[in-house]
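Numbering (the working numbering), first residue to last: 269 to 598.
No residue lacks a Cβ here, since even glycine has one placed at the ideal position from N, Cα and C.
Report on the structure given below.
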Amino acid sequence: MVYCLSYRILCLNMFIFSDERSVSVENHISYISDGTISYLMQQFPSHAEKWLSDFPHAIERLKEKWQLTFKGHERNSRFGTILYAESRVYGDVAVKIVPWFCPRLKSEIECYRSLPYREMCDLYDVDEKLGAMLLKYVEEKKDATADKALVFSSLFEQRRPALERDYPLLYPYRSVLEDVLSNAGNVINGGKDSKLSVFLPSIQKAQAAISLFENDEKYIIHGDAHEYNMLGSENGCVLIDPLGYIAPFAFEYARYLGTAMKENEMSPDDFFRLCEKVFAGDGDIKKNLTAFAIDVTLRACNTFIEGNTYDEILFSGSWARRAWAYLEKL
């Protein structure tokens, strides 16, 4: 965590004596987790240093722009930060900050603007200079009775085919998949760690299976609709944190299923019962499950580039293997 300490000190030294807001500046630095600082410095070194050093005053600018009083922040945010605040204009809000140089920012903003799902969280405004989204604050109701697995029938009914104008703004799923799998394969084949070979069968299956979807109609999808990105509210589920892909709709189901079986040992019978609820009679079950197994493999291989620990990477290899095992039991 050398990056974390050095850049906290850098930011404080640059701003602590710059004006009367020194106390809030120090607090602003603490909004960014050590893991996020390390990730940004490792993945985007040419941009991250300046962005981090500018962050305190950028937050002060947002306070004035959106008339915010900050109440707290999300401590487990990984690729940016999330601040909770009250706005004189909008009421209770969440300010999600993804640095402007992170590839996911553009597609996430576009998803909030273009996805037709009525379940999407309201986006009030965007500050592209910092990479900040001003969102309606939705409190998760722990006693909410809505079954999150059932929301997909509503999403299916609202789906919208991808248009030509969507392609410059959202990522074709297949292109992302191919890049991530290729990178993981190169790391594994170029090293001497035999334990990482657990990934190779899943990678090979995913590379072969994606061609099954080549001629399917493509839609714009949330792309990360798992249970933690579904907030149970008084008015049903609210979707947050979209990735924004152009893909066959089968891939919209995949994240929910992949997260559900990631750390919970589910018998095949239990897993297939969950699938019946999620799919709600839509499409070819085997094809939907093929999309699920492909997507778990993508997420597993992402651990090679997202700053995960060695143990987390190994766990992800077994996670992908289990996903393909469910498909093979059909």
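Do you know how far the Cα of residue j is from the Cα of residue i?
| i | j | result |
| --- | --- | --- |
| R589 | T577 | 19 Å |
| R381 | L391 | 7 Å |
| A417 | G500 | 12 Å |
| S355 | A477 | 48 Å |
| T304 | L402 | 20 Å |
| E407 | V506 | 10 Å |
| E396 | K460 | 43 Å |
| D434 | A316 | 28 Å |
| L336 | S462 | 52 Å |
| Q472 | G453 | 9 Å |
| A362 | G399 | 14 Å |
| V394 | S321 | 21 Å |
| D415 | K318 | 44 Å |
| V357 | I377 | 21 Å |
| C379 | P371 | 13 Å |
| V293 | H325 | Model confidence at V293 stands at a pLDDT of 41, short of 50, so the residue's coordinates are unreliable; what they give is reported in the following sentence. Near 7 Å, if we compare the C-alpha coordinates of H325 and V293. |
| F539 | D550 | 17 Å |
| R346 | D537 | 34 Å |
Going along the chain, which residues of its own chain have a beta-carbon closer than 7 Å to the beta-carbon of residue i, five neighbours each way excluded?
| i | result |
| --- | --- |
| L509 | Note on identity: in this sequence residue 509 is Asp, with Leu being the wrong assignment. Closer than 7 Å at the Cβ level, and outside the excluded window around D509, lie D492 and N497. |
| V448 | L566, C569 and N570 |
| D484 | P516 |
| R428 | P384, Y487 and I488 |
| Y299 | H341, T349 and L351 |
| A353 | L336, T337, F338, K339, V361 and V363 |
| K375 | The sequence as given places Ser at residue 375; Lys does not occur at that position. Closer than 7 Å at the Cβ level, and outside the excluded window around S375, lie L437, L438, Y439, L511 and G512. |
Which residue comes first and which comes last in the beta strand (DSSP E) that contains residue i?
| i | result |
| --- | --- |
| E354 | T349 to S355 |
| F338 | L336 to H341 |
| A220 | Outside the modelled stretch of the chain, which goes from 269 to 598, sits residue 220, for which no answer is possible. |
| G500 | M498 to S501 |
Excluding five sequence neighbours on each side, which residues of the same chain lie with their C-beta closer than 8 Å to the C-beta of residue i?
| i | result |
| --- | --- |
| L464 | V455, I456, I581, L582 and G585 |
| L595 | K554, L557, T558, F560 and A561 |
| I514 | A430, D434, Y435, L438, Y439, P440, Y441, K486, Y487, I488 and I489 |
| K545 | D415, A417 and L418 |
| E495 | K416, Y524, T527 and A528 |
Please check if any C-beta of chain D sits within less than 9 Å of the C-beta of residue i.
| i | result |
| --- | --- |
| L566 | Chain labels in this structure do not include chain D; a single protein chain is all it has. |
Determine the DSSP secondary structure at residue i, reduced to helix, strand or coil.
| i | result |
| --- | --- |
| S422 | helix |
| D395 | strand |
| K364 | strand |
| A493 | coil |
| S292 | Caution applies to S292, whose pLDDT of 47 falls short of 50 and renders its modelled position unreliable; the value that the coordinates give is listed next. Note: S292 maps to helix in three-state DSSP. |
| P469 | helix |
| G359 | strand |
| L507 | strand |
| P384 | coil |
| P371 | coil |
| S299 | Here residue 299 turns out to be Tyr, not Ser, going by the sequence shown. If DSSP states are grouped into helix, strand and coil, Y299 belongs with coil. |
| Y524 | helix |
| I488 | strand |
Which residues mark the beginning and the end of the alpha helix (DSSP H) in which residue i is found?
| i | result |
| --- | --- |
| M309 | D302 to Q311 |
| K404 | It is not in any alpha helix (DSSP H) - K404 instead sits in the beta strand (DSSP E) that spans A400 to K404. |
| P536 | P536 to F547 |
| C389 | That residue, C389, is in no alpha helix (DSSP H); it is neither H nor E in DSSP. |
| N457 | Y441 to G458 |
| Y435 | Careful: Y435 lies outside any alpha helix (DSSP H) and carries neither H nor E. |
Among the residues of its own chain, which have a CB less than 6 Å from the CB of residue i, if the five just before and after it don't count?
| i | result |
| --- | --- |
| L598 | K554 |
| E574 | none |
| L373 | V366 and G399 |
query: Should the segment 426-440 be regarded as contacting the segment 524-535, the criterion being three or more beta carbon pairs within less than 8 Å?
result: no
- prompt: Any chance the segment 421-437 sits against the segment 383-398, with 3 or more Cβ pairs inside 8 Å?
  reply: yes
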